[in-house]
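Structure record follows, encoded as structure tokens.
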Ligand code: KG4
Ligand code: ZN
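Numbering (our numbering), first residue to last: 390 to 719.
Pasting the structure below:
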């Protein structure tokens with residue numbers, strides 16, 4: 390049997406555990422969200438998130454092991470997300486993983502959450518992209534472009550200088566009084582709106598592969614405060630805002646591919662679950678694209694298992710001194 394790794398992710402508000410075989414085959418991938426905990430605050434409350442992780446982690450791990458049909462002696466390692474993320478949430482996952490590794494005498498692997506998102510492209514749920522490829526990780530906390538030459542071989546090409554794309558979605562949804570998380574709601578409403586109704590700005594930043602979304606967010610706010618918004622529906626605002634985000638993401642993938650002379654690209658992160666973005670990437674000319682199924686785009690532990698396999702092969706293990714980090718570059 391290939392190496393079976395139990396992976397855990399508690400970086401933000403989802404408690405997740407998965408068993409992944411040989412870095413590619415998902416035997417189980419359990420995600421317990423925190424629906425109902427954060428909505429009324431319009432954003433994630435870190436203290437509430439870590440308390441909920443504490444309540445759910447044991448059951449989520451048990452469920453993942455049961456669904457995979459494995460027992461601890463069959464595992465090769467325990468992997469856990471060690472950052473970046475909310476520090477209280479990360480502490481719950483890393484402490485739990487350390488205890489499991491110690492009790493079952495298994496090697497421990499500390500995984501970077503962003504490497505996890507990049508590695509979701511390797512999970513055998515579709516045809517993974519041809520190496521090397523451009524990876525766009527576009528989530529609530531990050532919007533970053535990488536060149537990927539293989540498992541464990543990544544180079545950052547650009548990142549957001551301010552808000553992540555998902556953060557902009559969530560904040561715009563809050564301004565519109567739509568609820569949290571805003572991404573899926575805007576995605577749905579935008580389908581009934583006109584993307585050309587409002588000409589929101591696109592920050593293309595032509596000299597760099599970095600991103601900036603805070604100006605767009607401010608522009609939506611100013612529009613809501615000052616403009617004559619008769620005849621413009623909420624759906625139109627959603628569609629116009631979303632078009633501005635996607636235009637920038639698509640242009641940056643094209644530029645990164647041209648700069649690196651690479652012909653394939655993969656997307657991941659929560660915003661990669663967006664239907665309009667998923668459609669637009671398939672229309673990219675001369676670039677073969679891969680977008681994982683939606684449950685592998687949003688936070689999940691299977692992607693941590695995929696990244697951990699690369700570390701297992703390299704002998705990159707952690708020990709009981711493993712400490713999580715809120716800030717942790719790839
Ligand atoms: O990767 P993820 O689950 O967690 C982080 O690591 O941040 O991403 C969550 C983000 C949230 O900002 C959420 O609004 C956004 O992804 N999101 C979406 C969609 N589904 C989730 N944004 C746009 N369209 C969607 N369908
Ligand atoms: Zn994430």
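We put the beta carbon where it would ideally sit given N, CA and C, even for glycine.
Quick one: give me the first and last residue of the alpha helix (DSSP H) that residue i is part of.
i	result
residue 557	554 to 564
residue 648	623 to 649
residue 677	Taken as a continuous stretch (DSSP letters only), residue 677 belongs to no alpha helix (DSSP H), being part of the beta strand (DSSP E) at 677 to 679.
residue 446	435 to 457
residue 607	603 to 615
residue 573	571 to 579
Flag this pair as yes or no: are the beta carbons of residue i and residue j separated by less than 8 Å?
i	j	result
residue 582	residue 663	no
residue 394	residue 464	yes
residue 427	residue 402	yes
residue 415	residue 407	yes
residue 496	residue 706	yes
residue 552	residue 606	yes
residue 636	residue 432	no
residue 524	residue 507	yes
residue 400	residue 502	yes
residue 412	residue 699	yes
residue 576	residue 646	no
residue 456	residue 690	no
residue 598	residue 566	no
residue 459	residue 694	no
residue 657	residue 561	no
residue 487	residue 711	yes
residue 474	residue 439	no
List the residues that DSSP assigns as beta-bridge partners of residue i.
i	result
residue 405	398, 420
residue 498	468
residue 542	539
Cutting at 7 Å between CB atoms, please list the residues of its own chain near residue i, excluding the five before and the five after it.
i	result
residue 564	609, 610, 613
residue 622	582
residue 604	590, 592
residue 640	593
Grab the span of the beta strand (DSSP E) containing residue i for me, first residue to last.
i	result
residue 700	Looking at the DSSP string, residue 700 is not in any beta strand (DSSP E); the run it does join, the alpha helix (DSSP H), is 691 to 703.
residue 469	466 to 472
residue 391	No beta strand (DSSP E) contains residue 391, which DSSP labels as neither H nor E.
residue 539	532 to 539
residue 494	Looking at the DSSP string, residue 494 is not in any beta strand (DSSP E), and its letter there is neither H nor E.
residue 522	522 to 527
residue 655	653 to 657
Given residue i, which residues of its chain have a CB within under 6 Å of its CB, disregarding the five upstream and five downstream residues?
i	result
residue 714	472
residue 443	481
residue 600	532, 549
residue 634	554
residue 540	699
residue 449	404, 406, 419, 421
residue 625	582, 583, 586
residue 454	none
Quick one: residues in its chain with C-beta nearer than 8 Å to the C-beta of residue i, no 5 flanking neighbours on either side, listed in chain order?
i	result
residue 514	415, 681, 682, 685
residue 498	394, 466, 467, 468, 469, 697, 700, 701, 705, 706, 707
Between residue i and chain D, is there a C-beta pair that is closer than 8 Å?
i	result
residue 688	The chain labelled as chain D is not found in the depicted structure, where only one protein chain is given.
| query | Can we say the segment 650 to 658 touches the segment 674 to 694, given the rule of at least three CB pairs closer than 8 Å? | reply | Segments in contact, yes.
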